[in-house]
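Undergrad: What follows is a single structure, and I will ask about it in a moment.
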Amino acid sequence: MKLKGKDLLGIEGLDREEIELLLSTAESFKEVSEREIKKVPTLRGKTIINLFYEPSTRTRTSFEIAAKRMSADAVNISVSTSSASKGETLRDTAMNLGAMRPDCIVVRHSSSGTPEMLSRYLSCPVVNAGDGAHEHPSQALLDMLTVRERKGAIEGLKVSIIGDIVHSRVARSNIYGFTKMGAEVTVAGPPTMLPVGIERLGCRATSSMEEAVRGADVIMMLRIQLERQSESFFPSAREYSRLYGLDETKLKNAKEGVIILHPGPINRGVEISPEVADGPYSVILDQVTNGVAVRMAIFYLLVGGAREEHHV
Amino acid sequence: MKRTALDDKAIERALARIAHEIIERNKGTEGLVILGIPTRGYHLALRLQKKIEEIEGVRLPAGAVDATLYRDDLGIKKDQPSLKRMEIPIPIDGKKVVMVDDVLFTGRTIRAAIDALMDFGRPLAIQLAVLVDRGHRELPIKADYVGKNLPTSQKEGVKVHLTETDGVNEVVIEAQQ
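Residue numbers (this note's numbering), protein chains in the order written: chain Y, 16 to 327; chain C, 2 to 178.
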């Protein structure tokens with residue numbers, strides 16, 4: 016079994032079979048991280064470049080650990096040290112990195128479509144680690160893995176994604192992923208943060224927090240990106256928290272056994288109350304653990320096989 | 002073209018003999034662990050565990066050792082083999098591990114499985130039990146317990162079918178074109 020494409024640019028381009036393959040492979044990789052010697056020789060001699068144009072701790076570390084646990088050499092490039100600050104174009108950066116013959120490039124960028132563009136100049140696999148408000152496929156995969164682990168299956172679940180939908184690549188990847196896997200997805204947030212026409216992706220949209228929480232099996236709270244609030248989408252963090260922050264009172268309407276996900280980093284007391292974030296239904300740290308396994312699976316399936324010639 | 006080399010009865014007898022040999026060689030069951038290589042080696046390991054229990058009244062720890070991540074052909078094959086289960090039931094330091102597989106052929110899987118096992122600790126010894134040894138070794142590896150030696154040509158395929166996975170117990174030789 017293998018993935019159909021050379022790259023992992025988004026969940027939109029995967030079919031259900033490929034998502035299942037990624038999830039079951041990731042499930043097997045979880046065991047490696049529980050060993051005393053957390054390393055397998057599978058990607059010995061492979062070079063993986065993490066090219067991050069946006070700050071990230073969790074995702075970059077997770078990709079780096081995944082590469083290292085598979086014995087690949089991981090090289091991290093972050094924007095402050097790269098030549099982007101010296102005026103080099105993205106295309107030139109790609110061509111130069113490509114000339115060093117890496118086996119995979121993981122890229123995060125604030126502009127949607129950057130990984131797709133890079134993949135056209137590079138013969139090695141490109142993995143999207145988040146591009147603008149477009150997609151964040153590895154995050155959606157680790158979310159799906161976490162939900163499948165806790166709930167047994169994704170098919171038929173009611174999944175509510177709540178918060179800043181308009182800026183969220185995590186929301187978009189998860190809408191694609193969970194609907195492909197047969198879940199019923201609802202997105203909720205203040206009307207200013209619900210993109211017009213989001214229903215076309217196959218989900219329901221509502222600005223009622225109560226409606227989103229009622230009957231949900233899975234609630235995914237999104238981060239309010241306070242650093243991106245240059246325009247005002249809501250009057251104040253306090254008002255947002257009162258209306259859309261998840262606390263134990265609002266959670267009473269959810270289904271028994273509901274689980275709470277959050278892609279992190281969390282703003283305690285804004286979109287999620289500390290009691291909920293640390294509560295028994297929170298699977299936030301499982302998500303982080305599963306992130307490493309999912310990224311190992313991505314590398315195994317994209318980089319582990321024979322190198323095919325891709326003409327660029 | 003296919004012919005049956007071992008039927009249900011013959012497989013049962015071979016496993017019963019191997020179970021006795023394992024106990025005899027190790028002078029009992031002290032410190033033994035049985036680990037099968039998925040998929041069919043794992044089921045054979047469970048059968049050996051049961052047989053040894055019937056003979057000695059001791060239930061040995063049994064599990065699975067998946068060699069996939071240690072294979073030497075990962076960068077050669079176009080499709081990556083799917084990962085199986087790794088299940089090491091107890092710490093293997095100082096234990097005598099009996100590894101179980103269905104068919105011993107080139108020896109490459111066993112090499113990978115030994116490497117995988119070594120990442121979990123330092124066993125006192127590793128022994129190898131196989132249902133069928135079909136020859137054509139490419140590495141200096143030899144089985145300690147063999148159900149049946151089947152001289153084959155490189156062009157033939159040897160398939161082990163077990164009720165757990167295939168609904169039937171048999172070893173067949175298929176002529177490949």
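Note that beta-carbon positions come from the ideal geometry of N, C-alpha and C, so glycine has one too.
7 Å is my cut-off, CB to CB: does S43/Y come that close to chain C?
TA: Taking Cβ atoms only, chain C reaches closer than 7 Å to S43/Y, which makes this a yes.
Undergrad: Taking L216/Y as the reference, which of I281/Y, V285/Y and V202/Y has the closest Cα?
TA: Of the listed residues, the one whose Cα sits closest to L216/Y is V202/Y.
Undergrad: Output the residue ranges of the beta strand (DSSP E) runs that lie fully inside the segment 45-101 of chain Y and measure 3 residues or longer, sorted by chain position.
TA: Counting only runs of 3 or more, we get 62-67 and 88-93.
Undergrad: Is the separation between the beta-carbon of S125/Y and that of G102/Y shorter than 7 Å?
TA: No, Cβ-Cβ distance for S125/Y and G102/Y is not below 7 Å.
Undergrad: Hey, is K96/C's beta-carbon within less than 7 Å of any beta-carbon in chain Y?
TA: Not an interface residue.
Undergrad: Mapping DSSP to helix, strand and coil, what is T69/C?
TA: If DSSP states are grouped into helix, strand and coil, T69/C belongs with the helices.
Undergrad: Would you identify the three-state DSSP class for Y191/Y, choosing helix, strand or coil?
TA: Y191/Y falls in the helix class under three-state DSSP.
Undergrad: Measuring only the C-alpha atoms, how far is A89/Y from I34/Y?
TA: So the two alpha carbons sit approximately 25 Å from each other.
Undergrad: Between the C-alpha atoms of M110/Y and L137/Y, what's the straight-line distance to the nearest angstrom?
TA: Cα to Cα, the separation comes out at about 7 Å.
Undergrad: Closer than 7 Å by beta-carbon distance: list the chain Y residues that pair up with I77/C, in chain order.
TA: Neighbours of I77/C on chain Y, chain order: A321.
Undergrad: Tell me which same chain residues have a C-beta within less than 8 Å of the C-beta of E79/Y, skipping the five on either side of it?
TA: Within the same chain, E79/Y has close Cβ partners N65, A89 and N91.
Undergrad: At a CB-CB cut-off below 7 Å, which residues of chain C make contact with E46/Y?
TA: Here the neighbours are M87.
Undergrad: Can you check whether the CB of A20/C is closer than 7 Å to the CB of L61/C?
TA: No, the Cβ-Cβ distance between L61/C and A20/C is not below 7 Å.
Undergrad: Taking 8 Å as the cut-off, does the segment 303-310 of chain Y touch the segment 139-158 of chain Y (at least 3 CB pairs, one atom from each stretch)?
TA: Yes: the two stretches touch, three or more of their Cβ pairs being nearer than 8 Å.
Undergrad: Flag this pair as yes or no: are the beta carbons of A63/C and I38/C separated by less than 7 Å?
TA: No; because the gap between Cβ atoms is not below 7 Å, this pair is not in contact.
Undergrad: Taking the C-alpha atoms as reference points, what is the distance between L16/C and L18/Y?
TA: Roughly 40 Å between the two C-alpha positions.
Undergrad: Checking 7 Å against the spacing of the C-beta atoms, do M16/Y and T57/Y come in under that value?
TA: Contact flag unset, no.
Undergrad: The beta strand (DSSP E) that contains N170/C, what's its start and end?
TA: Here N170/C belongs to no beta strand (DSSP E), and DSSP marks it neither H nor E.
Undergrad: Taking all protein chains shown into account, decide if V169/C is buried (16 or more other Cβ within 10 angstroms of its Cβ) or exposed.
TA: So V169/C counts as exposed.
Undergrad: Would you say S83/C lies against chain Y (beta-carbon separation less than 7 Å)?
TA: Interface residue, yes.
Undergrad: Between the Cα of P83/C and those of S288/Y, L38/Y, Y255/Y and S183/Y, spot the shortest distance and give me the residue it belongs to.
TA: Here the sequence assigns Ser to residue 83/C, which means Pro is not the residue at that position. Answer by Cα proximity: L38/Y.
Undergrad: Can you name the residues that DSSP bridges to S175/Y?
TA: Per DSSP, T201/Y and I234/Y.
Undergrad: Return the residue from the list E131/Y, S71/Y, S43/Y and G230/Y that minimises the CA-CA distance to G20/Y.
TA: It is E131/Y.
Undergrad: Whose Cβ in chain C lies nearer than 8 Å to the Cβ of T40/Y?
TA: Under the 8 Å cutoff, chain C gives S83 and L84.
Undergrad: With DSSP as the reference, label V318/Y as helix, strand or coil.
TA: Looking at V318/Y - three-state DSSP - the assignment turns out to be helix.
Undergrad: What residues are listed by DSSP as bridge partners for S297/Y?
TA: Answer is I275/Y.
Undergrad: Note down the Cα distance separating S305/Y from A41/Y, rounded to an integer number of angstroms.
TA: At residue 305/Y the sequence reads Asn, which differs from the Ser that was named. If you take the alpha carbons of N305/Y and A41/Y, they lie about 8 Å apart.
Undergrad: Would you say L140/C lies against chain Y (beta-carbon separation less than 7 Å)?
TA: No, its Cβ sits nowhere closer than 7 Å to a Cβ of chain Y.
Undergrad: Using a C-beta to C-beta distance shorter than 9 Å, which residues of chain Y count as neighbours of T121/C?
TA: For the record, residue 121/C in the displayed sequence is Phe; it is not Thr. R50, E51 and I52, listed in chain order.
Undergrad: When burial is assigned at 16 or more other CB atoms within 10 Å of the CB, is D94/C buried or exposed?
TA: Burial call: exposed.
Undergrad: With a cut-off of 7 Å, does the C-beta of L105/C fall near any C-beta of chain Y?
TA: L105/C does not count as touching chain Y.
Undergrad: Which value, in whole angstroms, describes the spacing of the CA atoms of V173/C and L316/Y?
TA: Those two C-alpha atoms are separated by around 32 Å.
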